[in-house]
Ligand SMILES: C[S@@+](CC[C@H](N)C(=O)[O-])C[C@H]1O[C@@H](n2cnc3c(N)ncnc32)[C@H](O)[C@@H]1O
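In this note's numbering, the protein residues as written are 3 to 501.
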């Protein structure tokens, strides 16, 4: 069967994927298992079998190779393959070395590939590593001390490897090509923040970046990666992933791409100071208080009065805003609302830091008392957020799905509340419930792409159950409305006959 995409190469992107035919929104473009899952530099080690993060004190070793870390003898994970285990047995790697220097684990796992699969090793080495751009930078030196020098003391790498910069190249390949993925829930890291892992997917790694991507990515609990078309993609169009966070401003995304992926992005969003009219990076003009400050030609300029502001001044303002956000209790609606009000004087209401606050608030309101004030505010926040996401993540989008899901429940709850207080009629209640149903259906259109074996997948299943309940409620209200109408018709008739 003809492949849905093909790989081309040009001077800008290097290798990149393009649609081999018209691809419909929602079509699966790629489903792929990772070649390797690893913790990022400096993070806690993971079980070689199931990849859960494990505290050092709970680590055990594989009975067979006596080297690979495992979370326990009954672990049923599949990632410590026989090939890897056999190879570690043959190489007689010193376990204490691994235990004390977990930084070398991902590199070691990749090095093992060259012993058991020449084909995979070749494919891996063809990935972009940007060694030239990295040479003698701080990250190069860190890897030299934390990885290269330690591996040198073992028989795992030769003098030739050092000469060929094999280890630095692998480190570059991991930094440039891996996807950030969520670690499975861990029993041995109680109360710790969820740690992210890095997954290397040989085919997905070939896709180019655009800040407005045309794909939707999902990873299930077994680390299977799914890439769907988030919008219709015409034949010969590049298949774009977004390597950056769509909900960050241009300067932040550009920094991330420059420092981590070694390129400058010139997509339509990066070239437009208003970021496609979303104003996700805009500030309020302190001088005229009317215009928006946008970054163009290396300065921040007001769209209304034309005054320019020094870049350092704005960077300092944004840093102060970040400190204020970090200093605010993220579990307190009152504190976050106070900060939101205060920041409205400095930032555009759709600035990415405002959106971050708004997302936090939506989460808190969804767990709070469903009072009229709370529900109305949550509806406003969801609508504001959706205006931006629909532009920055057009088509299928997880954030859109989650926000629409929150919006539907608040609209239904507010309608019930107002009806119970006799503030709205049964007809209006029905209208609002139908609106909520439409919004929930729209949410499901996004969320149904989430793998069943993932937290978002469970949320989608929940949303499906809610849809059923909502339909039953709508049915009940329709019946009640019919009864009410026929009752009033009968009353009218009786009144008429009385006359
Ligand atoms: C994950 S790799 C993609 C595959 C790579 N092009 C190759 O040939 O192996 C990421 C690298 O591709 C290049 N790249 C991807 N998207 C790009 C873009 N929009 N503009 C410029 N370079 C891009 C950059 O060199 C980046 O570091």
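Where is the CB? At the ideal position from N, CA and C, for every residue including glycine.
**Message:** Within 10 Å of its beta-carbon, does residue 189 have 16 or more other beta-carbons around it, so buried, or fewer, so exposed?
**Reply:** Start at 1 with the first residue of the chain shown, and residue 189 comes out as number 187. Its pLDDT being 49, under 50, residue 189 is placed unreliably by the model, and nothing is read from it.
**Limits of the alpha helix (DSSP H) - the one that residue 115 falls within** = Sequence index remark: in the chain shown, residue 115 carries index 113 (1-based). Per DSSP, the continuous alpha helix (DSSP H) segment holding residue 115 begins and ends at 107-118.
**Message:** From the DSSP secondary-structure annotation, give me the bridge partner or partners of residue 81.
**Reply:** Translated into the one-based positions of the chain shown, residue 81 becomes position 79. Partner(s): none; residue 81 has no beta bridge.
**Asked** If you drop the 5 nearest sequence neighbours on each side, which residues of the same chain put their C-beta closer than 8 Å to that of residue 24?
**Response** Indexing the chain shown from 1 puts residue 24 at position 22. Only 234, 235, 236, 237 meet the Cβ criterion.
**Message:** Can you give me the C-alpha to C-alpha distance between residue 193 and residue 184, rounded to a whole angstrom?
**Reply:** The residue given as residue 193 occupies position 191 in the chain shown. The residue given as residue 184 occupies position 182 in the chain shown. Note that residue 193 scores a pLDDT of 42, beneath 50, so its modelled location is shaky; the value from the coordinates is reported in the next line. Their backbone Cα atoms lie some 16 Å apart in a straight line.
**Asked** Nearest to residue 307 by CA position, among 434, 300, 402, 296, is which residue?
**Response** Mapped onto the chain shown, residue 307 falls at position 305. Per the Cα distances, 296.
**Prompt:** Below 8 Å, can you find three or more Cβ-Cβ pairs linking the segment 416-436 to the segment 382-391?
**Reply:** no
**Message:** When you measure from the CB of residue 2 to every non-hydrogen atom of ligand 1, does any distance come out below 8 Å?
**Reply:** Nothing about residue 2 can be read from this structure; the chain reaches only from 3 to 501.
**Asked** Is the beta carbon of residue 379 sitting closer than 9 Å to the one on residue 363?
**Response** Counting from 1 along the chain shown, the entry for residue 379 is found at position 377. Counting from 1 along the chain shown, the entry for residue 363 is found at position 361. Going by C-beta atoms, residue 379 is nearer than 9 Å to residue 363.
**Asked** Where does residue 351 fall in DSSP's three states?
**Response** What you label residue 351 is simply residue 349 of the chain shown in a count that begins at 1. DSSP places residue 351 outside both helix and strand once states are collapsed to three, so it counts as coil.
**Request:** Determine the contact status of residue 286 and residue 347, defining contact as a CB-CB distance below 9 Å.
**Result:** Along the chain shown, one-based indexing puts residue 286 at 284. Along the chain shown, one-based indexing puts residue 347 at 345. It is a contact, given that the beta carbons lie within the stated cut-off.
**Message:** Is the beta carbon of residue 51 closer than 9 Å to that of residue 67?
**Reply:** Mapped onto the chain shown, residue 67 falls at position 65. Mapped onto the chain shown, residue 51 falls at position 49. Cβ atoms of residue 67 and residue 51: not closer than 9 Å.
**Message:** At a threshold of 8 Å, does residue 17 count as lining ligand 1 (C-beta to nearest heavy atom)?
**Reply:** The residue you call residue 17 lines up with position 15 of the chain shown. Yes, since a heavy atom of ligand 1 falls inside the 8 Å radius drawn around the Cβ of residue 17.
**Message:** Given this structure, state the Cα-to-Cα distance separating residue 98 from residue 341, to the nearest angstrom.
**Reply:** Counted from its first residue, the chain shown places residue 98 at position 96. Counted from its first residue, the chain shown places residue 341 at position 339. Distance between the alpha carbons of residue 98 and residue 341 is about 49 Å.
**Prompt:** Helix, strand or coil: which one does DSSP assign to residue 45?
**Reply:** Within the chain shown, numbered from 1, the residue matching residue 45 stands at position 43. In the structure shown, residue 45 sits in coil (DSSP, three-state: anything other than H, G, I, E or B).
**Request:** Could you tell me whether any non-hydrogen atom of ligand 1 is closer than 8 Å to the CB of residue 291?
**Result:** Reading the chain shown from its first residue, position 289 is the one you call residue 291. Residue 291 Cβ: outside cutoff for every heavy atom of ligand 1.
**Asked** Which full runs of the beta strand (DSSP E) of 3+ residues lie inside the segment 313-368, going along the chain?
**Response** As far as the segment 313-368 is concerned, it has no whole beta strand (DSSP E) run of at least 3 residues.
**Asked** Is the beta carbon of residue 263 within less than 8 Å of some heavy atom of ligand 1?
**Response** For this step, residue 263 is matched to residue 261 along the chain shown. Of the heavy atoms belonging to ligand 1, at least one sits nearer than 8 Å to the Cβ of residue 263.
**Asked** Is DSSP giving residue 272 helix, strand or coil here?
**Response** Your numbering for residue 272 matches position 270 in the chain shown. Helix, per DSSP.
**Request:** Less than 8 Å between the CB atoms is what I'm expecting for residue 48 and residue 41, so what's the real figure, rounded?
**Result:** Walking along the chain shown from the start, residue 48 turns up at place 46. Walking along the chain shown from the start, residue 41 turns up at place 39. Right, the Cβ-Cβ distance comes to about 5 Å (below 8 Å), so this counts as a contact.
**Message:** Taking 8 Å as the cut-off, is the C-beta of residue 132 nearer than that to any heavy atom in ligand 1?
**Reply:** Numbered from 1 along the chain shown, position 130 holds the residue referred to as residue 132. Residue 132: yes, Cβ under 8 Å from ligand 1.
**Request:** Using three-state DSSP, classify residue 404 as helix, strand or coil.
**Result:** Counting from one through the chain shown, the residue named residue 404 turns up at place 402. Residue state, collapsed to three classes: helix.
**Request:** Run the proximity test for residue 178: is its beta-carbon closer than 8 Å to any non-hydrogen atom belonging to ligand 1?
**Result:** Against the chain shown, residue 178 aligns to sequence position 176. For ligand 1, at least one heavy atom lies less than 8 Å from the Cβ of residue 178.
**Request:** Any chance you could list the alpha helix (DSSP H) runs of at least 4 consecutive residues sitting entirely within the segment 162-192, in chain order?
**Result:** 168-179
**Item:** Which of helix, strand or coil DSSP assigns to residue 194
**Value:** Here residue 194 refers to the residue found at position 192 of the chain shown. Residue confidence for residue 194 is low, a pLDDT of 45 falling below 50, so the modelled location carries little weight and cannot support an answer.
**Prompt:** DSSP on residue 121, reduced to helix/strand/coil?
**Reply:** For this step, residue 121 is matched to residue 119 along the chain shown. Reduced to three states, the DSSP call for residue 121 is helix.
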